[in-house]
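Peer 1:
Number of protein chains: 4
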Amino acid sequence: MLAKLQEEKVFKDPVHSAIYVQDITIWKLINTPEFQRLRRIRQLGTSYLTFHGAEHSRFSHSLGVYEITRKIISQFERNGYTDWPQEERLLSLCASLLHDVGHGPFSHSLEEVFHTHHEEWTCEIILGDTEINRVLAEVSSDFPGDVASVIRKTYHKPIVVSLVSSQMDADRMDYLLRDAYFTGVNYGTFDLDRILRVLRPYQGKIVVKESGMHAVEDYLMSRYQMYWQVYFHPVTRSSEIVLRQIFRRAGELKREGYAFAFMLPAIAHLLEGTLNLSHYLMLDESCVQTAFRQWELEEDALLSNLCSRFLNRQLYKYTPLEDKDEAWLADAREEWRSIGLNPDYHLEVDTPYDSPYDIYKPELLPGSRGKLPILLLDEREQLTEISVKSDIIRSIAGIHRGKYYIYYPDDEVRKHILRLSSETRNKLSI
Amino acid sequence: MLAKLQEEKVFKDPVHSAIYVQDITIWKLINTPEFQRLRRIRQLGTSYLTFHGAEHSRFSHSLGVYEITRKIISQFERNGYTDWPQEERLLSLCASLLHDVGHGPFSHSLEEVFHTHHEEWTCEIILGDTEINRVLAEVSSDFPGDVASVIRKTYHKPIVVSLVSSQMDADRMDYLLRDAYFTGVNYGTFDLDRILRVLRPYQGKIVVKESGMHAVEDYLMSRYQMYWQVYFHPVTRSSEIVLRQIFRRAGELKREGYAFAFMLPAIAHLLEGTLNLSHYLMLDESCVQTAFRQWELEEDALLSNLCSRFLNRQLYKYTPLEDKDEAWLADAREEWRSIGLNPDYHLEVDTPYDSPYDIYKPELLPGSRGKLPILLLDEREQLTEISVKSDIIRSIAGIHRGKYYIYYPDDEVRKHILRLSSETRNKLSI
Amino acid sequence: MLAKLQEEKVFKDPVHSAIYVQDITIWKLINTPEFQRLRRIRQLGTSYLTFHGAEHSRFSHSLGVYEITRKIISQFERNGYTDWPQEERLLSLCASLLHDVGHGPFSHSLEEVFHTHHEEWTCEIILGDTEINRVLAEVSSDFPGDVASVIRKTYHKPIVVSLVSSQMDADRMDYLLRDAYFTGVNYGTFDLDRILRVLRPYQGKIVVKESGMHAVEDYLMSRYQMYWQVYFHPVTRSSEIVLRQIFRRAGELKREGYAFAFMLPAIAHLLEGTLNLSHYLMLDESCVQTAFRQWELEEDALLSNLCSRFLNRQLYKYTPLEDKDEAWLADAREEWRSIGLNPDYHLEVDTPYDSPYDIYKPELLPGSRGKLPILLLDEREQLTEISVKSDIIRSIAGIHRGKYYIYYPDDEVRKHILRLSSETRNKLSI
Amino acid sequence: MLAKLQEEKVFKDPVHSAIYVQDITIWKLINTPEFQRLRRIRQLGTSYLTFHGAEHSRFSHSLGVYEITRKIISQFERNGYTDWPQEERLLSLCASLLHDVGHGPFSHSLEEVFHTHHEEWTCEIILGDTEINRVLAEVSSDFPGDVASVIRKTYHKPIVVSLVSSQMDADRMDYLLRDAYFTGVNYGTFDLDRILRVLRPYQGKIVVKESGMHAVEDYLMSRYQMYWQVYFHPVTRSSEIVLRQIFRRAGELKREGYAFAFMLPAIAHLLEGTLNLSHYLMLDESCVQTAFRQWELEEDALLSNLCSRFLNRQLYKYTPLEDKDEAWLADAREEWRSIGLNPDYHLEVDTPYDSPYDIYKPELLPGSRGKLPILLLDEREQLTEISVKSDIIRSIAGIHRGKYYIYYPDDEVRKHILRLSSETRNKLSI
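Chains as they are written, first to last, in the UniProt record's numbering: chain V, 1 to 430; chain G, 1 to 430; chain R, 1 to 430; chain A, 1 to 430.
#1: Please tell me whether R/LEU83 has its Cβ less than 8 Å away from any Cβ of chain V.
#2: Bridge partners of R/ASP13, per DSSP?
#3: Considering only the beta carbon of each residue, do G/SER62 and G/LEU91 sit closer than 8 Å?
#4: So which residues of chain A does R/TYR181 contact, with C-beta pairs closer than 8 Å?
#5: Leaving aside the five residues before and after R/LEU5 along the sequence, list all residues of the same chain whose C-beta is less than 8 Å from its C-beta, in chain order.
#6: Chain V partners of G/TYR66, CB-CB under 9 Å?
#7: For G/SER387, does the three-state DSSP call read helix, strand or coil?
#8: In the DSSP assignment, find the unbroken beta strand (DSSP E) run with G/ARG200 in it and report its ends.
#9: Where do the ends of the beta strand (DSSP E) carrying R/PRO320 lie?
#10: Let me see if you follow: with CB-CB separation under 8 Å, is V/GLU55 close to chain G or not?
#11: On the CB-based measure, 16 or more other CB atoms within 10 Å of its CB, does A/SER368 come out buried or exposed?
#12: For V/PRO356, is the classification buried or exposed, using 16 other Cβ atoms within 10 angstroms of its Cβ as the cut-off for buried?
#13: With DSSP collapsed to three states, give me the class of A/PRO356.
#14: Reducing DSSP to helix, strand and coil, say where A/VAL185 ends up.
#15: I'd like to know whether the C-beta atoms of G/LEU243 and G/THR46 end up nearer to each other than 8 Å.
#16: By DSSP's criteria, V/ARG42 is part of a beta bridge. Which residues make up the other side?
#17: Residues in its own chain within less than 6 Å of residue 431 of chain A by CB, not counting five upstream and five downstream?
#18: What number of angstroms, rounded off, separates the C-alpha of V/ALA330 from the C-alpha of V/ASP344?
#19: Can you pull the DSSP bridge partners for G/ASP23?
#20: For A/VAL139 and R/THR319, what's the separation of their Cα atoms in angstroms?
#21: Which residue from V/LEU283, V/GLN289, V/MET282 puts its Cα closest to that of G/GLU285?
#22: Could you name the residues of the same chain whose beta carbon sits closer than 6 Å to that of A/THR189, not counting the 5 residues immediately before and after it, in chain order?
#23: Say whether chain A places a C-beta atom closer than 8 Å to the C-beta of G/ASP174.
#24: Less than 8 Å between the CB atoms is what I'm expecting for A/LYS371 and A/SER165, so what's the real figure, rounded?
#25: Of all the CB atoms in chain R, is at least one closer than 8 Å to the CB of A/MET226?
#26: Taking beta-carbon pairs under 8 Å, can you tell me which members of the region 95-119 of chain A lie near chain R?
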């Protein structure tokens with residue numbers, strides 16, 4: 001079923017001005033419970049505690065990724081580029097729209113604690129007993145599998161994978177612009193129209209006309225800035241640490257047989273590691289926040305305190321460390337115990353360096369877990385990886401940065417300031 | 001305690017670029033649990049179902065109202081206007097920040113069903129046993145009462161009331177700009193800087209320099225446009241109808257002694273009309289959405305269906321009616337029953353005319369429930385109500401508009417289309 | 001010759017982001033000397049003396065009008081509307097691009113003094129011995145005549161005229177947005193994308209889908225605001241008065257046989273009323289400003305003083321008059337003479353009411369000199385003139401406003417303040 | 001005379017929203033003929049031929065530089081920073097406003113041909129027999145000299161020089177934002193508010209709080225992008241080449257005693273190298289364009305052709321060269337001659353590398369001709385040059401780039417394509 005809607009549907013969007021839906025399949029997908037659930041999951045997890053405007057959802061972002069993909073394909077069709085397989089339009093649009101549908105509440109933090117992976121849930125939702133699966137299967141019996149294979153980067157036409165997943169794909173382009181818009185941080189803007197204009201399908205890949213090199217440089221700089229200004233902001237890291245500790249503590253209590261005054265079945269399964277698809281789809285940030293609000297009233301003082309900290313933004317303080325001084329850290333853990341704190345919960349060392357951050361990694365090849373590199377197409381139809389030609393990209397591609405931060409409950413620690421060693425006071429600058 | 005922060009705190013804000021906090025009292029108020037709770041209450045209630053960007057919270061808006069008030073007062077202080085009582089700065093800032101702190105989840109809908117009023121809750125929070133009260137009382141024992149009296153418009157210096165509550169106050173200025181920004185509807189923008197520049201304190205009122213008349217016209221036109229484009233959008237009205245029906249149905253079931261598989265204490269008190277302040281502060285949109293998600297699984301088919309409709313955006317269809325044809329409506333209710341629908345839940349007539357809408361009502365006087373009119377100050381220091389001088393404001397002030405819409409579950413009704421009378425099919429254009 | 005360019009040309013544009021040229025004819029027209037001359041003529045005449053950003057040229061605006069027309073036609077073609085005659089695309093684009101090509105330097109002021117009309121010059125340029133004519137004639141021998149007839153509103157297919165010239169045509173849409181952008185006045189913005197989306201070709205006219213009514217309201221309000229904030233700004237009116245006086249004085253001197261130390265042939269013909277097309281094309285704002293700069297050095301004190309005033313922005317002061325008190329004005333002219341001023345040059349009464357201003361005049365019919373009214377197309381394919389349905393447009397359509405201002409050289413008048421009558425001092429508030 | 005205006009004057013500005021004038025001296029300076037003359041000189045010289053929006057003047061830019069300086073000083077005063085000498089406010093504002101007042105028409109090109117320097121003219125205007133000098137001298141007899149010494153970077157308080165002239169001064173900040181706005185190139189935007197917030201006066205310098213490092217990175221990247229996208233755009237380079245050739249040819253003709261049909265005295269002095277201040281102030285872009293328009297009619301075919309090319313944007317074509325192959329260039333010059341072209345005028349090699357371009361040069365020290373480096377102030381009050389701490393700035397600071405381009409009249413050369421050597425055709429890709 002490739003039918004078009006009788007009349008185009010238009011969503012007003014603050015980032016792209018409007019989002020146009022022309023296909024019945026897309027319209028139906030948007031209206032499934034599994035897709036509407038994304039309205040209850042924030043795009044930037046806990047970042048709203050740092051940037052109060054960052055309250056936008058994965059629903060908005062998913063529509064945005066779809067819209068950018070739609071624009072790219074329209075441009076290819078309008079210009080009649082023969083390297084673009086026109087029959088893959090609907091597949092590409094569906095994969096773009098659905099690529100994030102498996103995200104759970106506060107995904108990055110929860111995935112770390114519970115070792116789940118949103119991409120796998122995405123494929124389960126596409127292939128499992130869901131409305132989304134039924135809508136996709138109306139197109140053809142193979143169609144759900146094709147969508148999943150695009151998301152898994154194994155689809156047999158690499159150009160479709162290249163469109164949906166690369167170092168400069170619709171996902172990244174939408175989230176940089178959208179996160180910049182909602183946080184109010186204007187480092188993240190770049191000239192989307194210009195980038196769309198210089199993309200070309202070419203021999204199984206999406207490449208960039210060489211004249212667009214500076215626009216790509218600008219896009220990569222936006223990415224760099226957004227990482228350091230927004231995504232790795234230490235206040236956000238602090239809120240993620242508290243969030244993970246809540247889940248660790250709740251899991252511990254669950255395993256110990258603690259009788260929770262409030263517990264939702266889906267959360268119980270999450271804590272026990274027995275989630276199935278139907279439980280997973282019950283999870284969203286509303287139920288997590290409701291649980292935290294109720295757990296503030298639990299008898300377990302540690303759980304209650306952590307939940308209050310998270311809900312009322314009484315986060316851990318952060319102090320940069322010159323280096324990860326393991327000897328001192330061991331001592332500090334002892335000191336923490338001596339003043340009645342629990343170092344497993346009240347002392348964390350963190351570096352964004354551990355995170356999968358790269359401005360741009362040209363060395364990554366298709367087939368690896370990484371994203372396809374950005375290739376420039378010159379007037380003689382030669383392809384060159386962009387960092388060969390761009391001084392600025394070559395300069396920044398190699399930048400690695402890892403600043404250590406220590407996180408701890410400042411209010412608690414300061415109460416015992418006289419009992420802290422001078423070394424510790426020095427490290428914490430207190 | 002009027003102390004200043006050692007270093008100004010800055011919140012990045014997408015609408016005002018930055019929000020500056022200089023007073024310890026303001027900083028402490030922002031960090032109370034009661035104020036942080038506003039993060040879990042959307043500024044525009046169900047509008048996110050129409051405009052997916054409208055996911056911003058009352059937390060952001062409250063900071064914005066504070067910031068506009070701060071800017072106005074700074075301008076007054078910088079220019080040394082003697083009609084502004086400088087000692088009222090902190091009171092004005094606190095009242096601005098806190099004016100919406102009593103809002104509950106989906107306020108407008110819930111207030112209609114449960115006959116509560118957010119302004120009363122605001123005063124209870126300010127005066128009751130809360131962190132906010134404790135922070136305010138640190139300023140002076142009278143201070144909480146003064147803040148409440150500004151919000152109730154009874155404070156003894158009318159200029160403070162005029163600043164916080166008038167036809168062009170910081171509240172309206174922030175929400176028009178903010179709602180326009182997040183929905184992406186650019187009708188709502190006006191030149192805030194220019195308006196701030198032409199405000200003057202004058203004989204116990206905040207007035208507008210005559211040269212700013214066109215800027216005020218533009219502000220009022222934005223207001224007009226935002227009402228018809230956003231606030232009264234029929235899809236939003238439809239979602240509010242479904243929301244109210246969920247609560248009506250849950251209340252009915254509660255009274256009937258139905259055994260809910262899921263019930264939170266605060267929601268139980270809400271349904272029973274036995275809310276106290278401590279219950280009220282447990283309410284937020286997370287717990288409401290969590291309840292709805294769980295109630296989808298309840299045995300009561302009507303409650304379950306309404307919750308699904310709300311969560312999955314399967315709202316009621318709307319059809320405009322030429323007039324409110326009472327005779328036909330009585331017949332239609334019968335028809336609804338005959339096809340197995342419940343007209344109390346499946347047929348609603350609505351008109352935004354019932355809503356407290358006015359672009360601008362100059363006839364309202366201080367002391368009435370209304371907001372103070374906009375006064376122009378000319379070069380001869382004469383005050384004139386703006387609609388006397390502005391053709392455009394005079395023209396639009398009198399516009400009343402009420403379009404009737406009928407709302408109903410289109411999917412259910414269409415199943416029985418052959419059993420509907422031709423008149424009904426005609427009215428519904430089906 | 002309807003050939004397309006091998007590769008689309010793109011002009012970066014701050015208002016529309018980019019302007020796309022696909023046709024060889026359009027590309028060639030842009031590169032003619034007659035069109036490039038528009039770079040030396042400001043879009044807003046003397047407004048840059050009030051709004052320093054308003055330095056943009058008619059060249060930019062003409063490209064913008066072309067681009068909006070191109071977007072409208074693309075939308076019509078993409079949707080396959082059968083009421084749009086696809087064969088008229090190039091004609092419409094050429095007429096849009098060239099509609100202002102006959103503008104001279106400071107058009108409005110000069111046309112008043114010398115009784116020329118830019119529309120006639122536009123047709124002369126299109127039909128005369130010019131590069132533009134040669135490029136158009138390459139399309140077909142009838143083509144220049146067709147373009148001229150569209151501009152004269154006599155082309156035999158009224159839909160083309162409707163596209164290029166109506167109450168909401170590409171010309172008005174571009175200049176409101178562009179003038180708002182360059183002056184920095186943000187009253188003039190409206191949602192162009194939304195308006196383009198609701199335009200429809202229908203039975204020989206361009207009409208508006210009813211759902212776009214609020215967008216049109218917003219457009220008309222922008223127009224209203226721009227007129228009163230920018231186009232009729234009294235400082236701009238003052239500069240236009242000084243400009244007209246310079247030309248009146250220079251014409252007088254020329255007729256008296258005064259020996260100008262500096263005179264350009266084209267300006268001499270302008271002053272003498274003997275301009276032909278080739279002289280006219282020599283005129284631009286560079287040569288006018290050069291003449292003024294040189295005339296500052298002329299012996300005639302009046303001419304020299306007026307030129308200094310214009311170049312150095314020492315304009316006439318303006319004072320609003322309650323009414324046009326003819327008796328006092330006659331007295332004032334005497335007073336002016338008695339203090340050595342020349343009332344023909346040093347006293348002007350002006351009202352924007354004399355200007356061809358209308359927010360919107362629905363009564364105007366095709367065939368009259370006016371522009372076509374805005375028609376709404378409803379779901380039953382009925383057309384209704386917009387002010388019938390829109391309260392706001394009905395309210396503002398009737399607004400007439402004429403505030404009198406008196407303009408005079410304040411510095412000169414104040415020197416003799418003691419010799420002025422009390423009535424005059426009162427009128428002038430000095 | 002340090003008096004304040006009775007009422008603040010406000011200029012509407014599209015970049016800064018508004019420009020505020022509070023001092024009588026500033027108001028008077030703006031209204032001098034020498035400052036108003038900047039309205040007739042474009043900020044970006046010939047760039048309007050590449051970016052049609054770039055029609056803004058040095059008048060607008062000078063107001064913008066003043067406004068940024070005013071904002072910086074206000075922030076210093078508001079925070080009571082003791083390292084800022086408050087008595088230097090007016091001096092700093094005057095130097096900012098006037099720093100570009102000596103620019104002539106198409107400055108960069110003319111300075112290259114005639115070996116003048118705008119900074120020297122600025123000082124002559126400030127110190128010579130001008131209105132500006134008279135206004136400044138009203139402050140005190142030393143004041144004009146002080147303003148000139150700030151501009152010459154020799155003023156005895158280095159912090160004032162640091163404010164007006166450094167690697168991140170008000171001049172650069174305004175022009176990047178303004179040029180980005182008017183060209184429509186959005187690479188040039190950065191977060192001005194944030195940068196202003198992190199500037200601090202410290203021990204005789206303006207430094208940056210360390211937390212603002214990323215904002216500075218963003219500013220330097222904007223600078224990098226604007227250089228390559230706008231300032232060094234090859235079409236702009238081409239127009240500058242044609243412009244310089246016009247002046248070279250006119251100078252040649254003048255020296256040869258050619259009888260110009262049109263010549264303005266100031267231009268004659270320019271060509272002869274006998275300009276004095278009074279002539280210089282007669283020069284502006286209006287008179288240059290008027291001269292070119294008249295010179296199109298001159299008998300000298302070369303001059304006439306070059307003027308036509310410039311006015312009608314029939315510029316030289318550019319082709320990138322792999323390297324500056326001197327041997328081939330010598331041959332090409334011969335070829336040019338053999339086909340009747342003049343290699344002195346019809347063949348130019350150019351590289352932006354010759355231009356004084358640096359993203360950022362930390363090695364430059366005060367006292368050298370360069371601008372002061374950017375210093376970060378950390379929490380321990382240590383100063384560190386920014387490239388030590390910023391990976392990205394260190395990476396880009398070393399980028400040198402020089403792409404050779406050859407410029408020539410393509411239309412003329414192609415006429416003789418068969419007579420060109422294959423090497424030449426290859427180099428030119430024709």
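Cβ atoms here follow ideal geometry from the backbone N, Cα and C, with glycine treated the same way. Owing to the predicted nature of the structure, the values given are computational and were not obtained by experimental measurement.
Peer 2: The structure says:
#1: It should be pointed out that residue 83 of chain R corresponds to Asp in this sequence rather than to Leu. The beta carbon of R/ASP83 does not come within 8 Å of any beta carbon belonging to chain V, so the residue lies off that interface.
#2: R/ASP13 is bridged to R/SER17.
#3: Their beta carbons are not under 8 Å apart, which means G/SER62 does not touch G/LEU91 by this criterion.
#4: Here the neighbours are PRO14.
#5: For R/LEU5, where only same-chain residues beyond five positions count, the Cβ hits under 8 Å are VAL21, GLN22, ASP23, ILE24, TRP27.
#6: Those within 9 Å of G/TYR66 in chain V number zero; the least Cβ separation is about 12 Å.
#7: Under the three-state reduction of DSSP, G/SER387 is assigned to helix.
#8: Bounds of the beta strand (DSSP E) holding G/ARG200 are 199-202.
#9: Unbroken beta strand (DSSP E) run through R/PRO320: 317-321.
#10: For V/GLU55, the answer is yes, since a Cβ of chain G falls inside 8 Å of its Cβ.
#11: Because A/SER368 sits at a pLDDT of 42, beneath the cut-off of 50, its placement in the model cannot be relied upon, and the following sentence gives the value as read from the coordinates. A/SER368 should be labelled exposed.
#12: Confidence in V/PRO356 is poor, its pLDDT being 44 and thus under 50, which makes the residue's placement too unreliable to answer from.
#13: Residue placement at A/PRO356 is flagged as unreliable, the pLDDT there being 43, under the threshold of 50; a coordinate-derived value is accordingly withheld.
#14: In the displayed model, A/VAL185 falls within coil according to three-state DSSP, outside both helix and strand.
#15: Yes.
#16: Note: V/ARG42 sits in a beta bridge opposite V/SER57.
#17: With chain A represented from 1 up to 430, any question about residue 431 of chain A goes unanswered, as that position is not in the structure.
#18: Going by the C-alpha atoms only, they are around 12 Å apart.
#19: DSSP lists G/LYS4 as the beta-bridge partner residues of G/ASP23.
#20: As the crow flies, the alpha-carbon of A/VAL139 is around 32 Å from that of R/THR319.
#21: Proximity to G/GLU285 across V/LEU283, V/GLN289, V/MET282 peaks at V/GLN289, based on C-alpha coordinates.
#22: Hits under 6 Å: ALA180.
#23: No - not a single Cβ of chain A is within 8 Å of the one on G/ASP174.
#24: Right, the Cβ-Cβ distance comes to about 6 Å (below 8 Å), so this counts as a contact.
#25: For A/MET226, no CB of chain R lies under 8 Å from its own CB, so it is not counted at the interface with that chain.
#26: Under the 8 Å Cβ criterion, the region 95-119 of chain A contributes no residue.
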